[in-house]
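Quick note on this note's numbering: the sequence shown kicks off at 28 and runs consecutively.
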Amino acid sequence: MDTHDSAAHLHHGAHHEEALRQLKTTEGHLRGIQRMLEEDAYCIDVIRQIQAVQAALNKISVQILEEHLNSCVITAVRGEDPQERERVLKEISDVFEAATKV
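As C-alpha cells, this is what we get:
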C-alpha cells in the first residue's frame, strides 16, 4: 500500500479523528448507493449520489494532504537528510501526478 515506514509517521489527533469520522459517514453514503442500485433507483439519482461521495472523498484527501504538508513535509524539508527531503518532495509530486490521471 505505502512504501514509507509507518512507524516514523505517527499522526493521532483531531485531524485524523475528523478524517475517520468523515470516512465513516462516506462509507454509509456509499452503502446507500448500493441499496439504490439494488432497488433499481433512477440512474441520474445514483450518479448524483456517486458524485457526492467522490466530492466527499476529495475533501477528505485535501484535508489529509494539508496535514501532511504542515507536518511531515515541513519536518523533512527542515531536516538534515537530503535524501529524505528528496523522497518527500518526490512523493508529493507523485501524488499530484496520480491525481491528474484520474
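For each residue, glycine too, the CB sits at the ideal point set by N, CA and C.
If you run the structure through DSSP and keep just helix, strand and coil, what is G79?
Reading off the sequence shown, one finds Ala at residue 79, where the question assumed Gly. A79: helix per DSSP, three-state reduction.
So, do the region 100–112 and the region 51–67 have three or more beta carbon pairs nearer to each other than 8 angstroms?
no
Using a Cβ distance threshold of 8 angstroms, determine whether the region 106–119 contacts the region 63–70, with at least three qualifying pairs required.
Contact fails: fewer than three Cβ-Cβ distances are below 8 angstroms.
Comparing alpha-carbon positions, which option in S88, H43 and Q49 lies nearest I119?
S88
Taking the continuous alpha helix (DSSP H) assigned at S120, which residues delimit it?
That run of the alpha helix (DSSP H) goes P109 to K128.
If you run the structure through DSSP and keep just helix, strand and coil, what is A41?
helix
Give the C-beta separation of Q76 and G59 to the nearest angstrom, bearing in mind that I take them to be a contact with Cβ-Cβ under 8 angstroms.
At roughly 7 angstroms, the Cβ-Cβ gap stays under 8 angstroms, so Q76 and G59 are in contact.
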